[in-house]
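Heads up: the sequence shown begins at -12 in my numbering, then just goes up one per residue.
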Amino acid sequence: MLPLLLVLLLGAGPRLAETYSRKGPDTWPWQASIFLDTRYRCERALISREWVLTGANCFGSWPQSHYSVTLGPDRLALDTCKSKSRVEELLLSPGRSKGSGSGGLALARLARPPSLSSGIQPVPLATWPQPLLKWQLCWAQGFEPDFGV
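What follows is the structure, encoded as structure tokens:
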């Protein structure tokens, strides 16, 4: 899985990333929300039309069929979101299991890839190598999952 992940992470151009980073995190069309049944779990990133990059800790020990992913500006409104898909497949980092502690990545494949639009786009990942300049503005994405389930 690691080679696949590296290919996905190293494949996009910096110009689009710069455009979105200037606007700030409220305009990021690659943000994906993951729900366990009707409960919000975490916020992650759409990295291609059918794959979401997330942390292994976002998925608990519940069956995969209980998870759904929402995309787009209305992604936090599970009942009315226009782009919703169940998780078809889950690939975990070697040595990780669902719900394990911090660390470890997971790729969640969507059962129904979304229609791309201005509100839904894969994350524009940087090409390699791209130097990080001193004092360059960078954004990070993510929220702690709700483990109270």
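Ideal placement from N, C-alpha and C gives every residue a C-beta, glycine not left out.
Pairwise C-alpha distance: Val39 and Ile107: Stepping through the sequence shown from its first residue, residue 107 is reached at position 120. Stepping through the sequence shown from its first residue, residue 39 is reached at position 52. So the alpha carbons of these two residues sit roughly 12 Å apart.
Outcome for Pro12 when other beta-carbon atoms lying within 10 angstroms are tallied against a minimum of 16: For the purposes of this step, residue 12 is taken as residue 25 along the sequence shown, with counting starting at 1. Interpretation of Pro12 is limited by its pLDDT of 45, a score under 50 that renders its predicted location unreliable; the figure taken from the coordinates is listed afterwards. Classification of Pro12: exposed, given that the 10 Å Cβ count is below 16.
DSSP state of Cys45 mapped onto helix, strand, coil: Stepping through the sequence shown from its first residue, residue 45 is reached at position 58. In the structure shown, Cys45 sits in a helix (DSSP, three-state: H, G or I).
Paired residues, beta bridge with Val110 - DSSP: On the sequence shown, residue 110 is found 123 positions in, with the first residue counted as 1. For Val110, which the question treats as bridged, DSSP gives no partner whatsoever.
Spatially closest choice to Gln19 from Leu97, Arg62, Arg73 and Pro101, by CA coordinates: Sequence index remark: in the sequence shown, residue 19 carries index 32 (1-based). Reading off the sequence shown, one finds Ala at residue 19, where the question assumed Gln. Checked all of Leu97, Arg62, Arg73 and Pro101; the closest Cα to Ala19 is Arg62.
Local conformation of Thr57 per DSSP, three classes: Position 70 of the sequence shown holds residue 57. Of the three classes helix, strand and coil, the one that applies to Thr57 here is strand, per DSSP.
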